[in-house]
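Just so you know, the protein sequences line up as chains A and B, in that order.
The numbering used here numbers the first residue of the first sequence as 1 and each following residue consecutively.
The numbering used here numbers the first residue of the second sequence as 1001 and each following residue consecutively.
All C-beta atoms in this analysis are idealised placements derived from N, C-alpha and C, irrespective of residue type, glycine included.
Inspection log for the structure reproduced underneath, given as structure tokens.
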Amino acid sequence: MSNHHIHVTINGKLHHADVESRLLLVHFLRENLNMTGTHIGCDTTSCGACTVQLNGKPVKSCTVLAVQADGMEVKTVEGLATNGKLHPIQEGFHEKHGLQCGFCTPGMMMTSSALLAQNPHPTEDEIRHAISGNLCRCTGYMNIVKAVQYAADKMATAEKAAAD
Amino acid sequence: MIPPTFEYVAPKMLSEAVAALGGHENAKVLAGGQSLIPLMRFRLASPAVLVDITRVEGLSYINEDKGWLKIGSMTRQSTVDHSPLVREKYHLLADTVSVLSDPVVRNMGTVGGNIANGDPGNDYPATMLAYGAEVVAVGPKGERVIPITSFFIGLYESALASNEILTEVRIPTPKPHSGGAYLKLERKVGDFATAAVAAQVELDAKGKFKSVGIGLTNVGLTAIKATAAEDFLKGKDSSDENIRQAAQLAADASAPIADVRGSENYKRSLVKTYTVRALRLAVQRAKGG
Chain A
1 MSNHHIHVTI NGKLHHADVE SRLLLVHFLR ENLNMTGTHI GCDTTSCGAC
51 TVQLNGKPVK SCTVLAVQAD GMEVKTVEGL ATNGKLHPIQ EGFHEKHGLQ
101 CGFCTPGMMM TSSALLAQNP HPTEDEIRHA ISGNLCRCTG YMNIVKAVQY
151 AADKMATAEK AAAD
Chain B
1001 MIPPTFEYVA PKMLSEAVAA LGGHENAKVL AGGQSLIPLM RFRLASPAVL
1051 VDITRVEGLS YINEDKGWLK IGSMTRQSTV DHSPLVREKY HLLADTVSVL
1101 SDPVVRNMGT VGGNIANGDP GNDYPATMLA YGAEVVAVGP KGERVIPITS
1151 FFIGLYESAL ASNEILTEVR IPTPKPHSGG AYLKLERKVG DFATAAVAAQ
1201 VELDAKGKFK SVGIGLTNVG LTAIKATAAE DFLKGKDSSD ENIRQAAQLA
1251 ADASAPIADV RGSENYKRSL VKTYTVRALR LAVQRAKGG
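Rendered as structure tokens:
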């Protein structure tokens, strides 16, 4: 047994915890912190349901140890909305029917919101490429792409309004 | 699927990491973890100590120096994928990283990890064989340079000693009139290759092959350097006939096994077809197309 004291900033809030070295980040989130918005799908780095942002970049949290995240910033689906207001990507999934069963949705949103932070005006190809590591078993990709495009437009409009 | 227990250390100095690695006979380096952690979860690997080298400073860089492209072993795949230098001058590497696993995995996966891991399905080994790369390893006695041709020993087995850490990969900067390409067939994004072919060529003033490197992914226990095909092409022109004959030699050099991705014959045939296409594309790029 090997225990480690870690501090991880999750959705802007600093968490201290003693964890076993073998504890996976997704289990730390779901079981230790009761943040069950991050889903466990394939458990083998294939499906992307467990995607969270680690220092701003999407990673599959079933293949990251909690100790690896020590000192880093994690953003989960719970951190998208601010003050009860949906993030544009959440609005996009709602407006464009970007989910059917909803299982892949948290991962899809964490990957695509990271894309928009880095590339605010992605082409359809760039969106499809960015989410190619996230699987939707309902095969609802058309509307997922539309949801990301909706969010991109919404964020561009908000930015323009702020500039005016 | 939870990994067995292990000790975990995350040193900041390379010397500490080497010492930690040598301190236990069953210690392993943890780089990005995108292969090792799943292996541990399946209990196919159960190291007693993990030496996480993420926090070791100075292992993440991409720069050209004295005729080599030098890449630090902890450079993330996504950094290579987005490097303008790589995209402009290192087509084979740019092709390879763009199809290596998936974009999310590439944010964690590292250059050194993909080479040191030793899975024949990893994409970098064939590419490094085609380039004629070198790797730098650091152990208790200091640094040594290992030519890539003597690096891959067997399944999950490399020339690295158990107390050595891969710190850098060096790719020769392509000469003028050089080009390369990596072609991979995968069932879905993120899957290992059914088969993939890396080709790097240099043409002389008359358009004949001056040097040729061909590497094959996932059709043997390690990546395979198709030396007979390379030797055949040297000094010859890039006619379809020559390329087809070389591709047959590459297919002959492959040693695939039948699995869910296809039969032996299918994979050999795939190696031939993809070698033709990779060589054509490499030649086209060498001619500036």
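Inter-stretch contact (C-beta, 8 Å, three-pair minimum) for the segment 1241–1250 of chain B and the segment 1165–1172 of chain B: Taking 8 Å as the limit for Cβ pairs, the verdict is that the segment 1165–1172 of chain B does not touch the segment 1241–1250 of chain B.
message: For Val1189(B), which residues in the same chain have their Cβ closer than 7 Å to its Cβ, ignoring the five residues on either side in sequence?
response: Asp1102.
message: On the criterion of 16 or more Cβ atoms from any shown chain inside 10 Å, does Phe28(A) qualify as buried, or is it exposed?
response: Buried is the call here.
message: So Leu39(A) and Gly140(A) are supposed to be a Cβ contact under 8 Å. How far apart are they, rounded?
response: The sequence given here places His at residue 39(A); Leu does not occur at that position. In fact, because the Cβ distance is near 16 Å, the residues do not count as touching under 8 Å.
- request: Provide the residue span of the beta strand (DSSP E) that contains Asp1231(B), from first to last.
  value: If you look at Asp1231(B), you'll find it isn't in any beta strand (DSSP E); it sits in the alpha helix (DSSP H) that goes 1227–1233.
- prompt: How about the segment 64–84 of chain A and the segment 4–23 of chain A: do they share at least three Cβ pairs that are nearer than 8 Å?
  reply: The segment 64–84 of chain A is in contact with the segment 4–23 of chain A.
Spatial distance of Ala1161(B) from Pro1084(B) (CA atoms): Each residue's alpha carbon lies about 34 Å from the other.
task: Run down chain B in chain order and give the residues with a C-beta less than 8 Å from the C-beta of Gly48(A).
output: Ordered by position in chain B, the residues that pass the 8 Å Cβ test against Gly48(A) are Asp1102, Val1104.
query: Secondary structure at Leu1216(B), three-state DSSP: helix, strand or coil?
result: Correct three-state label for Leu1216(B): strand.
field: Separation of Lys1210(B) from Arg1280(B), as counted between CA atoms
entry: A straight-line Cα-Cα distance of about 15 Å links Arg1280(B) and Lys1210(B).
task: Could you please give the first and the last residue of the uninterrupted alpha helix (DSSP H) stretch that includes Phe93(A)?
output: Note, Phe93(A): alpha helix (DSSP H), 88–95.
Supposed contact pair Ser2(A) and Phe1006(B) - C-beta distance, whole angstroms, cut 8 Å: Their Cβ separation, rounded to whole angstroms, is 6 Å, which keeps Phe1006(B) and Ser2(A) in contact under 8 Å.
- prompt: If we count the other Cβ atoms within 10 Å of its Cβ and call it buried at 16 or more, is Ser42(A) buried or exposed?
  reply: Note that residue 42(A) is Cys in the sequence shown here, rather than Ser. By the Cβ neighbour-count rule, Cys42(A) is exposed, with fewer than 16 other Cβ atoms within 10 Å of its own.
- request: Could you tell me whether the segment 91–101 of chain A touches the segment 1131–1140 of chain B, using the rule of 3 or more Cβ pairs below 8 Å?
  value: The segment 91–101 of chain A is not in contact with the segment 1131–1140 of chain B.
- prompt: Span of the beta strand (DSSP E) holding Gly41(A)?
  reply: Counting along the chain, Gly41(A) falls outside any beta strand (DSSP E), and DSSP gives it neither H nor E.
message: Between Leu1214(B) and chain A, is any beta-carbon pair separated by less than 8 Å?
response: Per the sequence presented here, residue 1214(B) reads as Ile, with Leu not at that position. By this cut-off, Ile1214(B) is not an interface position.
query: Would you call the segment 76–88 of chain A and the segment 1055–1072 of chain B in contact, with 3 or more CB pairs under 8 Å?
result: Contact between the segment 76–88 of chain A and the segment 1055–1072 of chain B is absent: fewer than 3 CB-CB pairs across the two stretches fall below 8 Å.
query: What is the DSSP secondary structure of Asp1102(B), reduced to helix, strand or coil?
result: The three-state reading of DSSP puts Asp1102(B) in coil, since its state is none of H, G, I, E or B.
message: Please classify Val1145(B) as buried or exposed, where buried requires at least 16 other C-beta atoms within 10 Å of its C-beta.
response: With fewer than 16 other Cβ atoms inside 10 Å of its own Cβ, Val1145(B) counts as exposed.
message: Under 9 Å, CB to CB, which of the residues in the segment 1181–1205 of chain B have a partner in chain A?
response: Cβ contacts with chain A: Lys1188, Val1189, Gly1190, Asp1191.
field: Where the alpha helix (DSSP H) through Tyr141(A) begins and ends
entry: From DSSP, the alpha helix (DSSP H) with Tyr141(A) extends over 141–163.
message: What does the alpha-carbon distance come out to for the pair Ala1031(B) and Ala163(A)?
response: Approximately 43 Å, taken between the alpha carbons.
query: Apart from the five residues on each side of it in sequence, which residues of its chain come closer than 6 Å, Cβ to Cβ, to Asp1052(B)?
result: Residues of the same chain with a CB within less than 6 Å of the CB of Asp1052(B), apart from the 5 flanking positions on each side, are Ala1010, Leu1030 in chain order.
query: Taking the C-alpha atoms as reference points, what is the distance between Ala1130(B) and Lys1225(B)?
result: Rounded to whole angstroms, Ala1130(B) to Lys1225(B) spans 7 Å at the Cα level.
task: With DSSP collapsed to three states, give me the class of Lys1267(B).
output: Three-state result, Lys1267(B): helix.
query: Counting along the chain, where does the alpha helix (DSSP H) carrying Glu1064(B) start and finish?
result: Here Glu1064(B) belongs to no alpha helix (DSSP H); instead the beta strand (DSSP E) covers 1062–1065.
task: Using 10 angstroms around the beta-carbon of Glu1134(B), count the other beta-carbons present and answer buried if the total reaches 16, otherwise exposed.
output: Under the 10 Å beta carbon count, Glu1134(B) is surrounded by 16 or more other beta carbons and is classified as buried.
query: Are any of the Cβ atoms in chain B nearer than 8 Å to that of His4(A)?
result: Output row for His4(A): interface = yes.
- request: Compute the distance between the beta-carbons of Thr1194(B) and Gly1262(B), then report whether it is under 8 Å.
  value: Contact annotation: Thr1194(B) and Gly1262(B) have beta-carbon atoms nearer than 8 Å.
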